[in-house]
Every structure is written in C-alpha cells, then in structure tokens.
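According to UniProt numbering, the sequence shown holds residues 1 to 328 in order.
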Amino acid sequence: MRKKSREKPKKLVSKSPAKPAAEAAATAFARCNVSADRSSDSSSSSSSASSSSRGSNVKSGESVGSRRIKNSNGVVKAAKVVPDGVEALTLRLSPAVPLIVKRCDWITPNSEQLYTSFHDEEWGVPVHDDTKLFELLVFSQALAEFSWPMILSKRSIFRKFFNDFDPTSVANIDDERLLSMKLHGSTLLSEPKLRAIVDNAKQLLKIQQEFGSFRNYCWRFVNHKPIKSGFRYARQVPAKTPKSELISKDLIQKGFRCLGPTVVYSFMQVAGLVNDHLITCFRYNECSHRPEKDPRPQLDEREVVPPGVAAEEKCTSDNSCPQSKPST
C-alpha cells in the first residue's frame with residue numbers, strides 16, 4: 001500500500017479589504033474601554049480588526065503600534081507610530097479636563113457650588129447701584145444669624161419678602177407684614193432684625209436726599225476706589241477695621257440700627273469697597289479696577305463729615321467753610 005503523503009495545511013488568507021489605520025486604531029481604542037461583560041464579544045471583532053490592520057501593513061513593514069527604524073549608526077530602534085486620525089479620536093472621546101484656578105482659601109473643593117459661584121462672580125465686585133447696595137447691606141446684617149451659603153440659598157425668599165430690596169417699598173412695610181413671616185413658620189430673620197431693616201430703609205431714603213444716592217455716601221469713605229488689602233493668607237483678613245468703625249459710627253448717628261463695625265466690614269467686602277480677595281486668588285486683580293461713575297443724574301453732593309465733629313462745626317452750605325473728607 002502506498003503511504004499517503006502528508007501535506008501541510010494551507011494557511012487561509014483573508015480576502016476582506018484592509019481597514020484604514022485610523023479605523024483600526026479606533027477599534028483598538030474602543031476595545032480598551034468596553035466593560036468586562038462584553039469582553040467575549042469584543043475580542044472576536046478586535047482580532048479581525050487587528051489581523052486586517054497587520055495585513056494592510058505587510059508591504060510597508062509597519063504596524064499600528066510601532067515600527068523599527070535604523071539610525072545613522074546602524075542601530076535598529078523601535079519607534080512609536082501614531083496613525084492619522086488617532087489624535088483627533090482621542091481628543092473627541094476623552095473627557096474634558098476642567099480648568100483649575102486658584103481661589104481664596106475659604107473656598108474649598110467641598111464648598112457648595114452656589115457659594116463658589118458667589119465668590120467667583122459677585123463677592124468683592126464694586127457695586128454702584130443703590131438697590132444692590134441695600135440688598136448687600138441686609139445680607140451683611142443677616143450674617144449674624146446665617147452663613148453666606150445659607151443666605152444665598154434663601155436669597156429668593158429675601159427678595160420676595162423685601163420687594164427686591166427697593167428702599168421705598170421696604171420703608172413702607174408695616175407690622176402686619178413683618179409678623180406674617182412668623183405666622184407662616186418662616187425662619188428668615190429674627191423680629192428685631194426685620195424691624196431694623198425696615199428702619200434702615202427709611203434712613204437710606206434720607207441719605208439719598210442728602211447725598212444724591214446711597215452710592216455717593218458709601219464710596220466717599222474710600223475716595224471712590226476700592227481699598228486693596230493685599231493679604232496673602234486668610235488669617236490676615238480682619239473682622240473689622242478703623243474704616244469700618246468710622247462708617248458704622250456715622251451710620252448709627254444717622255439713625256441706622258444693627259450696623260456694628262463687623263457688619264459694616266462684611267458689607268464693604270461684598271460690595272467691593274475693599275478688595276479682600278487674597279493676592280493668590282484669580283479674582284484679586286479682576287476686582288481691583290477703579291469703579292465707574294454712576295451714569296444716573298445726581299443731586300448736589302455734600303462731603304461726609306467724620307464722626308466726632310460737633311454739629312455746630314458742620315457746613316451749612318458748600319461755600320460757608322472748607323470741605324472735609326474722611327481719611328483713607
């Protein structure tokens with residue numbers, strides 16, 4: 001009997017068209033990101049893709065991952081090959097990396113987003129509008145009972161109750177309206193604070209008549225430009241300053257209530273009269289610009305007479321005695 005000759009099995013050559021390198025890279029990238037429960041399905045498809053990609057690079061001697069290059073000294077080294085389209089694919093599929101900025105130390109990764117946005121967009125920005133200044137003055141008073149995050153979460157309630165902080169409307173709030181907050185079980189503010197806010201609105205209207213605007217009155221204490229503290233560390237930021245004591249004393253003499261030096265300094269910080277952003281914070285330079293002039297027409301402006309000056313020494317007219325300004 002003749003012995004059957006053993007023939008070596010022929011290798012099957014895939015007749016499928018070779019895939020472009022970018023598509024092969026995309027398949028490989030997707031294979032790395034599929035979940036474990038689909039690994040069996042993806043392995044078969046990725047194998048065919050990799051075999052096709054190897055077949056497409058047989059003539060050129062290159063592979064998707066690397067190729068061998070001979071340098072001038074005759075040494076063969078492996079060089080990484082990045083096919084066209086892979087970089088764009090990676091940028092398209094990779095998650096965006098957020099821009100990290102340096103903020104004041106009291107803003108931490110655990111801070112509420114509402115508080116962080118308040119720091120980034122409002123706190124320390126010079127304010128020139130009387131209604132906004134009055135709102136910030138009320139919020140500074142509320143700091144005696146709430147923190148900034150709590151106040152910000154209740155801001156819509158504050159605005160609704162105080163008629164968007166229009167001084168005239170607030171000055172006309174009666175006792176029935178004040179007591180209605182307690183009747184509905186609200187914990188907005190204590191009754192003495194609520195009454196003080198109404199009384200302060202009445203005094204603010206008098207300041208508008210005397211100085212043309214509440215803005216004129218406030219910004220005169222700092223020569224119409226923000227005070228740059230230039231603190232590097234949070235521990236350097238004070239609770240009050242001689243300037244806040246000066247303003248507090250003058251406000252109390254004018255009939256305002258519940259506005260001690262600490263409350264006034266909080267108001268100066270949030271309204272931008274003083275820039276207490278740390279110098280390492282990205283907002284420090286942004287909040288240091290000179291305030292713009294109030295575009296609205298103003299009445300005759302009178303200079304602020306520092307507290308302690310006797311009433312008989314105050315000027316009765318603009319030309320009767322030299323004008324005096326508070327110290328900066």
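For each residue, glycine too, the CB sits at the ideal point set by N, CA and C.
Only a predicted model underlies this, so the values are computations on that prediction, with no experimental measurement involved.
Nearest-angstrom Cα distance between Asp84 and Gln113? Sequence index remark: in the sequence shown, residue 84 carries index 84 (1-based). Sequence index remark: in the sequence shown, residue 113 carries index 113 (1-based). Caution is warranted here: a pLDDT of 48 is assigned to Asp84, below 50, making its placement in the model unreliable, and the coordinate value is therefore given only provisionally. It is roughly 41 Å from the alpha-carbon of Asp84 to the alpha-carbon of Gln113.
So, do the region 221 to 232 and the region 194 to 207 have three or more beta carbon pairs nearer to each other than 8 Å? no
Three-pair Cβ contact test at 8 Å for the region 269 to 286 versus the region 152 to 169: no
Could you tell me if Glu145 is buried or exposed, where buried requires 16 or more neighbouring beta carbons within 10 angstroms of its beta carbon? To locate residue 145, count along the sequence shown from 1; it is residue 145. Exposed, because fewer than 16 other Cβ atoms sit within 10 Å of the Cβ of Glu145.
Arg103 versus Leu136, Tyr265, Ala234 and Leu273, residue with shortest Cα-Cα distance: Translated into positions along the sequence shown, residue 103 becomes position 103. The shortest Cα separation from Arg103 among Leu136, Tyr265, Ala234 and Leu273 belongs to Ala234.
Reduced DSSP secondary structure (H/G/I, E/B, other) of Lys228: Numbered from 1 along the sequence shown, position 228 holds the residue referred to as residue 228. If DSSP states are grouped into helix, strand and coil, Lys228 belongs with the strands.
Asn275 (DSSP reduced to helix, strand or coil): Start at 1 with the first residue of the sequence shown, and residue 275 comes out as number 275. Looking at Asn275 - three-state DSSP - the assignment turns out to be strand.
Cβ pair count under 8 Å reaching 3, the region 114 to 122 against the region 251 to 259: no
Use the C-beta contact count for Asp130: other C-beta atoms within 10 angstroms, 16 or more gives buried, fewer gives exposed. On the sequence shown, residue 130 is found 130 positions in, with the first residue counted as 1. Label assigned to Asp130: buried.
Rounding to the nearest angstrom, what Cα-Cα distance links Leu278 and Glu135 in this structure? Translated into the one-based positions of the sequence shown, residue 278 becomes position 278. Translated into the one-based positions of the sequence shown, residue 135 becomes position 135. Distance between the alpha carbons of Leu278 and Glu135 is about 24 Å.
In the DSSP assignment, the alpha helix (DSSP H) including Ala239 goes from what residue to what residue? Within the sequence shown, residue 239 is the residue found at index 239, counting from 1. Note, Ala239: premise wrong, no alpha helix (DSSP H); not H, not E.
If you pair each beta-carbon of the region 260 to 280 with each one of the region 234 to 248, do three or more pairs fall below 8 Å? With a cut-off of 8 Å on Cβ pairs, the region 260 to 280 is in contact with the region 234 to 248, counting three or more such pairs.
Is the separation between the beta-carbon of Val138 and that of Phe165 shorter than 8 Å? By one-based count along the sequence shown, residue 138 stands at place 138. By one-based count along the sequence shown, residue 165 stands at place 165. Yes, the Cβ-Cβ distance between Val138 and Phe165 is below 8 Å.
For Gln141, count neighbouring C-beta atoms within 10 Å of its own C-beta (all shown protein chains included) and say buried if the count is 16 or more, exposed if not. The residue given as residue 141 occupies position 141 in the sequence shown. Buried, because 16 or more other Cβ atoms sit within 10 Å of the Cβ of Gln141.
Is Ser44 buried or exposed, if buried means 16 or more other CB atoms sit within 10 Å of its CB? Here residue 44 is taken as the residue at index 44 of the sequence shown, counted from 1. Caution applies to Ser44, whose pLDDT of 45 falls short of 50 and renders its modelled position unreliable; the model cannot decide the point.
Over what stretch of residues does the alpha helix (DSSP H) that includes Glu286 continue unbroken? As a first step, residue 286 must be located in the sequence shown, where it is residue number 286. Element bounds for Glu286: Arg283 to Glu286.
Return the residue from the list Leu152, Phe231, Lys228 and Arg215 that minimises the CA-CA distance to Leu188. Within the sequence shown, numbered from 1, the residue matching residue 188 stands at position 188. It is Leu152 whose Cα lies nearest to the Cα of Leu188.
Buried or exposed: where does Trp123 fall if 16 or more other Cβ atoms within 10 Å of its Cβ makes it buried? For the purposes of this step, residue 123 is identified with residue 123 of the sequence shown, where counting begins at 1. The residue in question, Trp123, is buried, as its Cβ has 16 or more Cβ neighbours within 10 Å.
Cβ distance (whole Å) where Val125 is taken to contact Gly272 below 8 Å: Taking the first residue of the sequence shown as position 1, residue 125 is located at position 125. Taking the first residue of the sequence shown as position 1, residue 272 is located at position 272. 5 Å between Cβ atoms; contact.
Compute the distance between the beta-carbons of Ser229 and Asn200, then report whether it is under 8 Å. Taking the sequence shown and counting its residues from 1, the one referred to as residue 229 is at position 229. Taking the sequence shown and counting its residues from 1, the one referred to as residue 200 is at position 200. Against a cut-off of 8 Å, the Cβ pair of Asn200 and Ser229 comes out as no contact.
Between which residues of its own chain and Gln203 is the CB-CB distance below 6 Å, once the five residues before and five after are set aside? In the sequence shown, counting from the first residue as 1, residue 203 sits at position 203. Hits under 6 Å: Lys254, Gly255 and Phe256.
Within a Cβ cutoff of 6 Å, which residues of the same chain sit near Ile207, ignoring the five residues on either side of it in sequence? Here residue 207 refers to the residue found at position 207 of the sequence shown. Excluding sequence neighbours, Ile207 sits near Phe214 and Tyr217.
What's the C-alpha gap between Arg177 and Leu205? As a working mapping, residue 177 is identified with position 177 in the sequence shown. As a working mapping, residue 205 is identified with position 205 in the sequence shown. So the alpha carbons of these two residues sit roughly 20 Å apart.
Classify Ala144 as helix, strand or coil using the three-state DSSP reduction. In the sequence shown, counting from the first residue as 1, residue 144 sits at position 144. Ala144: coil per DSSP, three-state reduction.
For Tyr233, the three-state DSSP class (helix, strand or coil): Residue numbering aside, residue 233 sits at position 233 when the sequence shown is read from its first letter. Three-state DSSP puts Tyr233 in coil, outside helix and strand.
Phe282 and Val127 closer than 8 Å at C-beta: As a first step, residue 282 is located in the sequence shown; it is residue number 282 there, counting from the start. As a first step, residue 127 is located in the sequence shown; it is residue number 127 there, counting from the start. Not in contact: Phe282 and Val127 (Cβ atoms no closer than 8 Å).
Nonlocal neighbours in the same chain, by C-beta distance under 7 Å from Lys240, ignoring five residues either side: As a first step, residue 240 is located in the sequence shown; it is residue number 240 there, counting from the start. Around Lys240: Pro261, Thr262 and Tyr265.
Could you give the distance in angstroms between the alpha-carbon of Arg302 and the alpha-carbon of Gln209? As a first step, residue 302 is located in the sequence shown; it is residue number 302 there, counting from the start. As a first step, residue 209 is located in the sequence shown; it is residue number 209 there, counting from the start. Because the pLDDT at Arg302 is just 38, under 50, the model does not fix this residue reliably, and the value given afterwards should be weighed accordingly. Distance between the alpha carbons of Arg302 and Gln209: 11 Å.
Give every residue of the same chain whose Cβ lies closer than 7 Å to the Cβ of Trp106, excluding the five residues on either side of it in the sequence, and list them in chain order. Within the sequence shown, the letter at position 106 stands for residue 106. If we look at Trp106 and ignore the five residues flanking it on each side, its Cβ neighbours are Ala234.
Would you decide whether Leu133 is buried or exposed? Buried here means 16 or more other CB atoms lie within 10 Å of its CB. Locating residue 133 in the sequence shown gives position 133, counting from the first residue. By the 10 Å Cβ count, Leu133 comes out buried.
May I ask you to report which of helix, strand or coil DSSP gives Lys160? Residue numbering aside, residue 160 sits at position 160 when the sequence shown is read from its first letter. Lys160 falls in the helix class under three-state DSSP.
For Val198, I'd like the list of residues in its chain whose CB is within less than 8 Å of its CB, leaving aside the five on either flank, ordered along the chain. Position 198 of the sequence shown holds residue 198. In its chain, beyond the 5 residues on either side, Val170, Ala171, Ile173 and Leu178 have a beta carbon closer than 8 Å to the beta carbon of Val198.
In this structure, how does DSSP classify Trp219 when only helix, strand and coil are distinguished? Counting from one through the sequence shown, the residue named residue 219 turns up at place 219. Looking at Trp219 - three-state DSSP - the assignment turns out to be helix.
Leaving aside the five residues before and after Ser190 along the sequence, list all residues of the same chain whose C-beta is less than 7 Å from its C-beta, in chain order. Position 190 of the sequence shown, counting from 1, holds the residue named residue 190. Here the set comprises Glu145.
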